[in-house]
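A short write-up of the structure that comes next.
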Amino acid sequence: MSSVQLLYYSKYSTAILSILPCKDQTRLNRTTTIMETVCLAITVILYTGFVYSDDGWFWHVTDFHYDPTYLDVALSCNRNASERGEFGHSWCDSPWKLVTSSIDAMREKAPDVDFIIWTGDSTPHIKDNVASHDMYRDIVRNITQELKSKFNSTPVYPVFGNHDYYPAHQFPPNNNLMYNEIYEEWKDWINDDGQKTNFQKGAYYTVKISTGLRMMSLNTNLYYRSDKISWLYRYSDPAEQFQWMAETLQHAKNNSERVIIMSHVPPGVIPTEKATWMYPQFNHRFNEIMLEYSDIIAGLYFGHEHVDNFRIYYKSGSPVLVHLCAPSVTPWTYIPGGHGDGEPTRNPGIRLVRYDRMTGQPHEIRQYYLDFKLSNVNKVANWTLEYSMPADYQMTDLTPSSFHGLLERMKSNGSPEFTNYAMRRYIGGALNDLRVTHCSSQACKKPFICSIGNVDLAEFEFCDSDGNSRKPAFG
7 MSSVQLLYYS KYSTAILSIL PCKDQTRLNR TTTIMETVCL AITVILYTGF VYSDDGWFWH
67 VTDFHYDPTY LDVALSCNRN ASERGEFGHS WCDSPWKLVT SSIDAMREKA PDVDFIIWTG
127 DSTPHIKDNV ASHDMYRDIV RNITQELKSK FNSTPVYPVF GNHDYYPAHQ FPPNNNLMYN
187 EIYEEWKDWI NDDGQKTNFQ KGAYYTVKIS TGLRMMSLNT NLYYRSDKIS WLYRYSDPAE
247 QFQWMAETLQ HAKNNSERVI IMSHVPPGVI PTEKATWMYP QFNHRFNEIM LEYSDIIAGL
307 YFGHEHVDNF RIYYKSGSPV LVHLCAPSVT PWTYIPGGHG DGEPTRNPGI RLVRYDRMTG
367 QPHEIRQYYL DFKLSNVNKV ANWTLEYSMP ADYQMTDLTP SSFHGLLERM KSNGSPEFTN
427 YAMRRYIGGA LNDLRVTHCS SQACKKPFIC SIGNVDLAEF EFCDSDGNSR KPAFG
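Our numbering numbers the first residue of the sequence shown as 7 and each following residue consecutively.
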């Protein structure tokens with residue numbers, strides 16, 4: 007039994023034993039009655055941790071990137087896409103039919119989830135001169151209403167994505183019109199007027215849910231390298247979010263709370279670009295806080311990358327945290343630098359997570375995808391299970407140590423685990439892409455392996471060919 011489980015089981019077992027007739031343990035030396043036998047059994051069960059695990063489910067959905075011009079001029083398409091299907095195109099952002107199809111699939115496959123994590127980027131990849139504040143606000147509002155109509159009694163914990171502000175990426179570290187307008191849309195989900203000031207200041211908030219877990223929603227767009235406001239004014243702590251994070255996590259630790267953290271832009275290194283999403287100093291500070299409070303953080307959930315990915319935090323050489331990046335709903339293909347062939351194509355995805363309501367620890371991930379090209383041909387959406395983790399990765403569970411074991415197996419020559427990771431990274435959309443199917447050499451695998459195990463840029467840069475870092479582990 008883990009130290010976290012022991013803490014909780016000990017707390018609850020003490021409370022239960024205090025109201026049972028067997029609380030006076032000396033009575034167990036007398037003639038055993040039926041009630042005393044029952045009490046003894048309960049005592050043994052509680053103190054050995056052999057208890058029923060109360061598991062729940064939640065959805066993680068991200069990067070809808072709805073393009074309201076898809077059926078007309080399709081402003082989001084970064085290549086010619088004259089034959090655009092009703093469920094989308096590889097070069098374009100999502101039509102409304104794809105957005106509603108993904109939410110309908112969520113309701114069909116698991117309507118009674120405990121909550122939904124929505125990690126942002128609802129608006130399209132279009133230039134600022136053809137966008138507007140009102141357009142972006144209305145898109146976020148429309149998707150909010152769609153989620154409320156399909157999951158009317160389910161709390162949703164949303165965050166802003168870097169495209170959800172106008173001009174794109176330029177999130178200010180202070181009160182503004184967009185923060186205020188979107189707070190009005192999301193305040194029923196947040197359900198705590200005490201968080202209004204935090205949201206207006208920097209679009210971050212925290213909520214304690216009915217199971218006792220604490221949700222922490224962050225605005226990491228403030229740290230994004232495309233946010234020139236943070237760079238221009240040389241902010242050391244935009245919107246004082248780092249200070250708030252540390253104080254909130256310390257408060258949670260003092261009160262024996264477990265915390266689930268969600269945001270859009272993830273920490274760590276982009277394997278194909280060998281750079282961090284965040285400004286390096288912000289990436290470093292974010293990682294410091296995560297490691298300092300790794301003993302109470304139950305999960306880290308991000309979007310932004312449009313691919314299926316994970317990264318591992320190490321402390322004194324031991325794996326202590328995993329952050330999970332869910333794949334996007336949009337099938338839009340990124341073209342690095344605006345030229346070349348673009349990244350491998352990918353399918354839209356939605357993710358269902360089974361978790362322990364007491365500790366927040368994820369127990370199972372079910373990744374669903376839509377073969378949107380086939381759906382365009384058949385005129386019907388068929389959202390299909392791509393894989394289940396840990397089973398389909400031959401892992402024992404979803405703890406950091408199990409992810410570390412998976413990473414170690416991925417390093418070996420001809421590793422089937424790495425092949426599966428590479429294929430699933432693009433949600434079944436790159437089955438015929440040789441860049442994916444033939445990425446088996448150490449040179450090809452190196453940036454991916456190194457980025458999984460090295461969340462700090464300095465570590466990544468020292469990462470050698472077998473995926474280890476010659477620099478002392480971060481933290």
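C-beta atoms are modelled at their ideal positions from N, C-alpha and C, and glycine is treated no differently.
It should be emphasised that the depicted structure is a prediction, and the values quoted were computed from it without experimental measurement.
8 Å Cβ cutoff met for residue i and residue j
i    : j    : result
Y230 : N168 : yes
F166 : N225 : yes
E414 : Y399 : no
I196 : Y172 : no
D314 : I433 : yes
I235 : F177 : yes
N158 : V275 : no
D462 : H257 : no
C98  : W338 : yes
D170 : Y189 : no
D120 : G62  : yes
G208 : A174 : no
P368 : Y361 : yes
Residue i versus residue j: straight-line alpha-carbon distance, rounded
i    : j    : result
S108 : Y72  : 12 Å
V74  : H95  : It is Pro, not Val, that sits at residue 74 in the sequence shown. Their backbone Cα atoms lie some 14 Å apart in a straight line.
F378 : R85  : 18 Å
C456 : T129 : 31 Å
P342 : D60  : 44 Å
Y307 : V359 : 11 Å
E298 : E253 : 12 Å
K417 : T425 : 11 Å
I145 : H310 : 17 Å
I51  : Q249 : For I51, the pLDDT reaches just 45, beneath the cut-off of 50, and the residue's location in the model is therefore unreliable, although a value from the coordinates is still provided. Distance between the alpha carbons of I51 and Q249: 41 Å.
M296 : S269 : 13 Å
C445 : W192 : 43 Å
K103 : S381 : 11 Å
Start and end residues, beta strand (DSSP E) containing residue i
i    : result
F308 : 303 to 308
H66  : 61 to 67
S324 : 324 to 331
D362 : 355 to 362
P164 : 162 to 164
F70  : Note, F70: premise wrong, no beta strand (DSSP E); not H, not E.
Residue interval of the alpha helix (DSSP H) (run including residue i)
i    : result
M429 : 422 to 431
Q249 : 247 to 260
T390 : No alpha helix (DSSP H) contains T390, which is instead part of the beta strand (DSSP E) from 389 to 395.
I149 : 139 to 156
N293 : 286 to 298
R441 : 440 to 443
K321 : From DSSP, K321 is part of no alpha helix (DSSP H) but of the beta strand (DSSP E) over 315 to 321.
K385 : From DSSP, K385 is part of no alpha helix (DSSP H); its letter is neither H nor E.
I132 : Premise fails: I132 is in no alpha helix (DSSP H) and is neither H nor E.
S242 : It is not in any alpha helix (DSSP H) - S242 carries neither H nor E in the DSSP assignment.
H338 : Looking at the sequence shown, residue 338 is not His but Trp. W338 -> no alpha helix (DSSP H), and no H or E assigned at all.
L238 : 234 to 238
Secondary structure of residue i, DSSP reduced to three states
i    : result
L23  : With a pLDDT of 40 at L23, under the threshold of 50, the predicted position of this residue should be treated as unreliable, and no value is reported.
V461 : coil
T75  : coil
T217 : coil
M401 : coil
H369 : strand
G274 : coil
D199 : helix
W97  : coil
A281 : strand
L489 : Limits of the chain in this structure are 7 at one end and 481 at the other, which puts residue 489 out of reach.
I267 : strand
S408 : helix
K115 : helix
I122 : strand
G91  : strand
T212 : strand
S223 : strand
Y230 : strand
C469 : strand
Residue i CB to nearest heavy atom of the ligand COA below 7 Å
i    : result
M141 : The ligand COA is not part of the structure shown, which contains no ligands of any sort.
Spell out a yes or no on whether the stretch 297 to 304 and the stretch 260 to 272 are touching, meaning 3 or more CB-CB pairs, one atom from each, closer than 8 Å. yes
With a cut-off of 8 Å, do at least 3 Cβ pairs link the stretch 62 to 71 to the stretch 327 to 347? yes
For the 8 Å Cβ check, are there 3 or more pairs between the stretch 315 to 325 and the stretch 398 to 407? yes
At least 3 beta-carbon pairs within less than 8 Å: the stretch 140 to 154 vs the stretch 109 to 126: yes
Pair every Cβ in the stretch 355 to 373 with every Cβ in the stretch 83 to 100, then say whether three or more of these pairs are closer than 8 Å. no
Say whether the stretch 105 to 120 touches the stretch 383 to 398, bearing in mind that this needs 3 or more beta-carbon pairs closer than 8 Å, one atom from each stretch. yes
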